[in-house]
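Trainee: Quick one: structure below, then a few questions.
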Amino acid sequence: MSDPSMQFFIKCQNIETGEVVTYRFAHQADLLAFSLQLGRKKLAIVDTHIAFYDIEPVFNPFEGGSVPISAAEINTALDGRLL
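Residue numbers (UniProt numbering): 1 to 83.
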């Protein structure tokens, strides 16, 4: 599955050196292929994030009327942070 409006971020720490690196993937297939190499590369996942970009506004079902929600608001709702 490839969706240009969605990107995956995986923060990993090398269990031998302690180095922390964040990897970004635009395609789910690349993310899955990378996940198969975590053990060989001695990486531990310390954080994950999915970000949405350039999407049409969606509507908030919890408001009385139709209130548009931006991609930034969706990202914040997912993990409380803005990218």
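Here a beta-carbon is modelled for each residue, glycine too, at the ideal position from N, C-alpha and C.
Bear in mind the structure is a predicted one, so any value in this text is a computation, not a measurement.
#1: Classify N14 as helix, strand or coil using the three-state DSSP reduction.
#2: Quick check: the Cα distance between F25 and T48, rounded to an integer number of angstroms?
#3: Taking the beta strand (DSSP E) that A51 belongs to, which residues open and close that run?
#4: Can you tell me where the alpha helix (DSSP H) holding N33 begins and where it ends?
#5: Kindly indicate which residue of F9, S5, F52 has the alpha-carbon position closest to the one of D30.
Mentor: The relevant details are as follows:
#1: strand
#2: 11 Å
#3: Membership of A51 in the beta strand (DSSP E) is indicated by the continuous run 43 to 52.
#4: According to the sequence displayed, residue 33 carries Ala and not Asn. Unbroken alpha helix (DSSP H) run through A33: 28 to 35.
#5: F9
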